[in-house]
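Below: one structure, written as structure tokens.
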Amino acid sequence: MINTLQEIAWESCLVEPVRDRALQSYARRRLGIPNPMIDYFASVPWLARAVIDLHPEYGLLMHLDESVADLIVLVVSQENSCRFCYAAVRAVLWAQGMSQARIERMERDLARSDLPPRTMAAVAFGRTLSRSGPVRAPEARQALRRVGFGAEEMKEIAFAAAITDFNNRALTIPAIPAHPVERIPDQIHMRLLRPFLGRIIKKHRYRGQPTALDQVPSYAYARLVKAYAGSPIGAVLNRTLTEMWASPHLTRRCKLLMLAVIARGLGCETCSLEVSEALENESLEQSALTQILSHLDAPELDPIERLLVPFARETIWYEPASLQRRARKLRGHLTDPQLLEAIGVAALGNGLCRMGAMVLNPS
1 MINTLQEIAW ESCLVEPVRD RALQSYARRR LGIPNPMIDY FASVPWLARA VIDLHPEYGL
61 LMHLDESVAD LIVLVVSQEN SCRFCYAAVR AVLWAQGMSQ ARIERMERDL ARSDLPPRTM
121 AAVAFGRTLS RSGPVRAPEA RQALRRVGFG AEEMKEIAFA AAITDFNNRA LTIPAIPAHP
181 VERIPDQIHM RLLRPFLGRI IKKHRYRGQP TALDQVPSYA YARLVKAYAG SPIGAVLNRT
241 LTEMWASPHL TRRCKLLMLA VIARGLGCET CSLEVSEALE NESLEQSALT QILSHLDAPE
301 LDPIERLLVP FARETIWYEP ASLQRRARKL RGHLTDPQLL EAIGVAALGN GLCRMGAMVL
361 NPS
């Protein structure tokens, strides 16, 4: 089943897969089926769990129609030229019984005006947030309001779009092999298993239920987590961020600097302020931070920070193969866990900043 992204240049994978039985069992419980992709992230468990957990369709949506969320994921993956995620969404739709012709027709319809107004507005929002970032969030928010979306639905639309930006980067930057996923609908044994796979997928796609935060977070982007309090989205974001900050492969300051560069590059003042305040607690002078954000370098940076600060900036807007080659150059200076953690932090920063622009500035 040919898709429109298969001609996008895609480098060979930057990391080797490592079989992890515990992570595979976790993925099977959450998704219902094995997920070989997880093996590529096994050395950084928080990132492996994040690419499993941060999917709207698996119990995170309480208000937004799941079919609309699917279209948002499809169009954002298309915008970001993520061959893996785009092929994965198409394969899921196919496994659930959608014909190849219907999938191709749906892809064409994404750019047309004959979709239901609410669906069209949600898809347009996902495209705008991915393409333009926070700068056009107010305009996109008003477009959603005009067609009748309420505040809780809009927060879930923002999550679906922004977390797809995260997943796209997490899978694109290390060049996770896309071809096996692209081939799924064309393989004879997968065609025979299609009804069985469809039933499993449908069984594991379910509506979310009100979920309390386990604790009140105190890290950067805590305001965003609190904005989703009561939603399963808040709980999963809280767990992901808690695990990311606790992970030992990069220092807390290095992670914050990467997030600061991304927030500055995307022009989100709200997110920039929160990250800057966290950096003050790391004893980084404001003058040093200003120089780092302006020049992507400063005497205060350590060798790893000096590598990853400019790398973070390059993850905001990119061509897949070019960014994959850029990441490959880091391999000689970083361990595989450090490289994967850097990719995860940059990917999450891009998603959180886009989400924050929509959710933290609701006026």
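Each residue of the sequence shown is one higher than the one before, counting from 1 in the working numbering.
Backbone N, C-alpha and C fix where the C-beta goes; we use that ideal spot for every residue, glycine too.
Quick caveat, the model's predicted, so the values are computed rather than measured.
Name the residue from I33, R49 and E153 whose alpha carbon lies nearest to the alpha carbon of A122. For the purposes of this step, residue 122 is identified with residue 122 of the sequence shown, where counting begins at 1. Residue nearest to A122 within the set I33, R49 and E153 is E153 (criterion: CA-CA distance).
Using the Cα positions of I33 and I200, report the straight-line distance between them to the nearest angstrom. To locate residue 33, count along the sequence shown from 1; it is residue 33. To locate residue 200, count along the sequence shown from 1; it is residue 200. Whole-angstrom Cα-Cα distance: 8 Å.
Excluding sequence positions up to five away, which residues of its chain have a Cβ less than 6 Å from the Cβ of V15? For the purposes of this step, residue 15 is taken as residue 15 along the sequence shown, with counting starting at 1. So the list reads Y40, P174 and D336, once near-sequence residues are dropped.
With distances taken from CA atoms, which of I8, W46 and W10 is nearest Y26? On the sequence shown, position 26 is the one that residue 26 refers to. Of the listed residues, the one whose Cα sits closest to Y26 is W46.
May I have the straight-line CA-CA distance separating H204 from A9, to the nearest angstrom? Residue 204 sits at position 204 when you count from the first residue of the sequence shown. Residue 9 sits at position 9 when you count from the first residue of the sequence shown. Their backbone Cα atoms lie some 33 Å apart in a straight line.
Alpha-carbon spacing of T119 relative to V73, whole angstroms: Position 119 of the sequence shown, counted from the first residue, corresponds to residue 119. Position 73 of the sequence shown, counted from the first residue, corresponds to residue 73. When rounded, the distance between both Cα atoms is 13 Å.
Would you call G150 buried or exposed, if buried means 16 or more other Cβ atoms sit within 10 Å of its Cβ? To locate residue 150, count along the sequence shown from 1; it is residue 150. Taking every protein chain shown into account, the CB of G150 has fewer than 16 other CB atoms within 10 angstroms, so this residue is exposed.
Give the straight-line distance between the Cα atoms of H191 and G265, rounded to the nearest whole angstrom. The sequence position of residue 191 within the sequence shown is 191, counting from 1. The sequence position of residue 265 within the sequence shown is 265, counting from 1. According to the sequence displayed, residue 191 carries Arg and not His. Taking the CA atoms as reference points, R191 sits about 45 Å from G265.
Does the region 319–334 come into contact with the region 129–149, if we say contact requires no fewer than three beta-carbon pairs (one atom in each stretch) closer than 8 Å? Output reads no: the region 129–149 does not touch the region 319–334.
Identify which residue in L257, A346 and R331 has its Cα closest to the Cα of D302. Locating residue 302 in the sequence shown gives position 302, counting from the first residue. Taking only the C-alpha atoms, the option nearest D302 is L257.
Using C-beta distances below 7 Å, list every residue in its chain close to S247, excluding the 5 sequence neighbours before and after it, in chain order. Position 247 of the sequence shown holds residue 247. Excluding residues within five positions, the ones whose Cβ falls inside 7 Å are V44, W46 and E341.
Between which residues of its own chain and A124 is the CB-CB distance below 8 Å, once the five residues before and five after are set aside? To locate residue 124, count along the sequence shown from 1; it is residue 124. Closer than 8 Å at Cβ, skipping near neighbours: A140 and A143.
With DSSP run on the structure shown, which of helix, strand or coil describes R251? In the sequence shown, the residue the question calls residue 251 occupies position 251. Here residue 251 turns out to be Thr, not Arg, going by the sequence shown. In this structure, DSSP gives T251 a state outside helix and strand, which the three-state scheme calls coil.
Under 7 Å Cβ to Cβ from C82, same chain only, skipping five residues before and after it: list those, please. By one-based count along the sequence shown, residue 82 stands at place 82. These residues qualify, in order along the chain: N168, L171 and T172.
Sequence-distant residues of the same chain with beta carbon closer than 8 Å to I163, five excluded per side: The residue you call residue 163 lines up with position 163 of the sequence shown. Here the set comprises L54, H55, P56, G351 and M355.
G230 by DSSP, collapsed to three states: which one? Here residue 230 corresponds to residue number 230 of the sequence shown, with the count starting at 1. Strand, per DSSP.
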